[in-house]
């Protein structure tokens, strides 16, 4: 008799205790919001390793950041808290990743980006933080893949074309 009680009644007791009012469950919106927050934090963490900020908003001087292995990650100059002049970025192995020029915090001038093998990925120009002039894109072997002309960050036909 006791054995039947255990097999028949105990599952109902356990089921009822699991649905008690002292257990708080997340609603659908709360659960989604929590998942989005986790994803957002992961993305922020990933991007922060490439974030470059001056020590303070009026900082003027050189900036150098290093990878954990001691190689240079970023190298440039801040003028009144804004990037100014040539900025270089490097892969962890020490190979140049990019070279870009700034004027008072805006990209202005040549922008060269490289693959980890040192071959160019793309070369182009910025004018007041907008892509301008000819941009040339390369495959991983350094062979030219595509040429694109830009004006005010919008793709335009090459000069002299109908």
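Residue numbers (this note's numbering): 10 to 171.
Just so it is clear, CB atoms sit at the ideal spot from N, CA and C, and this is done for glycine as well.
Computed from a predicted structure; not experimentally measured.
- The beta carbon of residue 78 sits closer than 7 angstroms to those of 101, all from its chain and outside the five residues before and after it, given in chain order.
- For residue 164, the closest of 148, 151, 134 by C-alpha to C-alpha distance is 134.
- Of 88, 128, 93, the smallest CA-CA separation from residue 106 is found for 128.
- For residue 120, the enclosing beta strand (DSSP E) stretches over residues 115–123.
- A distance below 6 angstroms between beta-carbons, with the five flanking residues on each side excluded, links residue 118 to the following residues of its chain, in chain order: 110.
- Excluding the 5 residues flanking it on each side, residue 103 has same chain C-beta neighbours closer than 6 angstroms at 80, in chain order.
- Residue 67 and residue 87 have their C-alpha atoms spaced approximately 9 angstroms apart.
- For residue 133, the enclosing beta strand (DSSP E) has its first and last residue at 129–136.
- Your pair residue 93 and residue 112 checks out as a contact, with CB atoms roughly 7 angstroms apart and the cut at 8 angstroms.
- Pairing residue 140 with residue 84, the inter-Cα distance amounts to about 22 angstroms.
- Separation of residue 150 and residue 171 (C-alpha to C-alpha, rounded to the nearest whole angstrom) is 32 angstroms.
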